[in-house]
Amino acid sequence: YAYFHGQPRWARSSPMTLTYAFSPVNIIHYVSQSDLKAVFERAFSRWSAVIPVNFTEANNYWAADIKIGFYHGDHGDGEAFDGVLGILAHAFSPENGRFHLDAAETWAVDFGSEKSKVAVDLESVVTHEIGHILGLAHSSVKQAVMYPSLSPRTKKVDLRLDDVEGVQSLYGSNPNFKFSSLLASDTSISVG
Amino acid sequence: RTLPELTVVDSRNNNTWRHFVKFLDAGKGSHVTGMSELKKYFQRFGYLDTVPETSLTDTFDDRFESAVITYQKNLGLAVTGKLDTDTVTQIISPRCGVSDDAAPAPHKLHVSRH
């Protein structure tokens, strides 16, 4: 695992709660609101299971700690998206909170119903970007969630030891977390 | 030559970096038209210092070899210093836009010059 320069982290009293909200404008509509929210809820819960940080959805987008949006091309932050595949998403280090996904991707919540060969698993990317939001940079461990690339139609959502050790070094451990709960192999691939 | 990861990607779709396949097997001393575009990719993700685009050449020089080696180390690939199949496959894979140029974790070993 690795950190951003200066090891930035969210500095709040523990246990901390971070709020997140979806842009009311920059959003995709082919994934239902309930599916979208469920994906983010599951992804946030994976990280909060290992560190003493809670995530809760807020109604006020502008007041939320983590601001989530789907954007096309140049969207004003100097890191333009590039269309289908290539760059999938990016997020900023603590305590910025900007969380951007490329609206041009075919985001999938279920490869059973989404047959596109270029479909990208939304939950896998969301889980990865939350790692950046928390302060983790990219890992060289291929199986880790924080590894920088993800092939189309691939699902990688479960945190690996490398991810857990990295984020716990920043925030400490969730008192209820047990290392034995980590799976030996938790990468699954679905090629439709 | 087969690039396994590519077989699941439909070439008719706009895969941003697919054209980098033409640099397969390039190594130090190679001169391939368009290699400056690949150098921009390496700049984008933190492996080459940011310099004006006009100063990027199409030659696989020492600096670029060093960048490729760092990339291979960071991405857990075999360190060959060349644009081998695994490296090119990795380069064209969809990825996160955050740069790989991050601080090493404190416990990791690193080498300093004395």
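Residue numbers (the numbering used here), protein chains in the order written: chain U, 8 to 199; chain F, 308 to 421. Heads up, the beta-carbon is just placed ideally off N, CA and C, and yes, glycines get one too. None of the values given here were measured: they were computed from a predicted structure.
- The continuous beta strand (DSSP E) containing M23 (chain U) extends over residues M23 to F29.
- Where Y178 (chain U) is concerned, the enclosing alpha helix (DSSP H) starts and stops at L168 to Y178.
- Between the alpha carbons of R16 (chain U) and R105 (chain U) lies a gap of roughly 14 Å.
- Rounded to whole angstroms, V32 (chain U) and A96 (chain U) show a C-alpha spacing of 17 Å.
- Distance from the CA of F367 (chain F) to the CA of A110 (chain U), rounded to the nearest whole angstrom, comes to 35 Å.
- Less than 8 Å separates the beta-carbon of A28 (chain U) from that of A71 (chain U).
- Shown in chain order are the members of the region 378-403 of chain F whose Cβ falls below 8 Å from a Cβ of chain U: K380, N381, L382, G383, Q397, S400, P401, R402 and C403.
- At a cut-off of 8 Å between C-beta atoms, P59 (chain U) does not count as an interface residue with respect to chain F.
- Residues of chain F whose Cβ lies closer than 7 Å to the Cβ of K149 (chain U) are, in chain order, G383.
- Residues of chain U whose Cβ lies closer than 8 Å to the Cβ of A409 (chain F) are, in chain order, A9, Y10, F11, H12, A144 and H145.
- Annotated as distal: D128 (chain U) and K149 (chain U), with beta-carbon spacing of 8 Å or more.
- The C-beta of T323 (chain F) comes closer than 8 Å to at least one C-beta of chain U.
- The beta carbon of S55 (chain U) is closer than 8 Å to those of N61, F62 and N181 in its chain, skipping five residues each way along the sequence.
- Bridge partners of N61 (chain U) according to DSSP: U:T24.
- Here the C-alpha atom of I399 (chain F) lies approximately 17 Å from the C-alpha atom of V339 (chain F).
- Taken in chain order, the members of the region 73-100 of chain U whose beta-carbon sits within less than 8 Å of a beta-carbon on chain F are E86, F88, D89, G90, V91, L92, G93, I94, L95, A96, H97 and A98.
- Here the C-alpha atom of S362 (chain F) lies approximately 17 Å from the C-alpha atom of G353 (chain F).
- Under the three-state reduction of DSSP output, Y78 (chain U) falls in the strand class.
- A distance below 6 Å between beta-carbons, with the five flanking residues on each side excluded, links M23 (chain U) to the following residues of its chain, in chain order: V60.
- For the region 313-367 of chain F, the continuous alpha helix (DSSP H) assignments of 4+ residues that do not extend past its boundaries occur at 342-351, in sequence order.
- Among the residues facing chain U, V358 (chain F) is not included, as its CB has no counterpart in that chain under 8 Å away.
- In this structure, the straight-line span from the alpha carbon of G404 (chain F) to that of T364 (chain F) is close to 24 Å.
- Contact check between the region 163-170 of chain U and the region 131-148 of chain U: three or more CB pairs, one atom from each, fall below 8 Å, which counts as touching.
- Following the DSSP letters along the chain, one finds V127 (chain U) inside the beta strand (DSSP E) bounded by residues A126 to D128.
- For D408 (chain F), there is no enclosing alpha helix (DSSP H), as DSSP marks it with neither H nor E.
- DSSP, read as helix, strand or coil, puts R16 (chain U) in coil.
- About 7 Å separates the beta carbon of K74 (chain U) from that of S30 (chain U), a gap short enough to meet the 8 Å contact definition.
- Nearest Cα to D117 (chain U) within the set U:V38, U:G13 and U:G83: U:V38.
- When only Cα atoms are considered, Q40 (chain U) and R370 (chain F) end up about 48 Å apart.
- Sixteen is the threshold: since fewer than 16 other Cβ atoms of the shown chains lie within 10 Å of the Cβ of F186 (chain U), the residue is exposed.
- Put simply, the CB of H139 (chain U) is near chain F, with a gap under 8 Å to one of its CB atoms.
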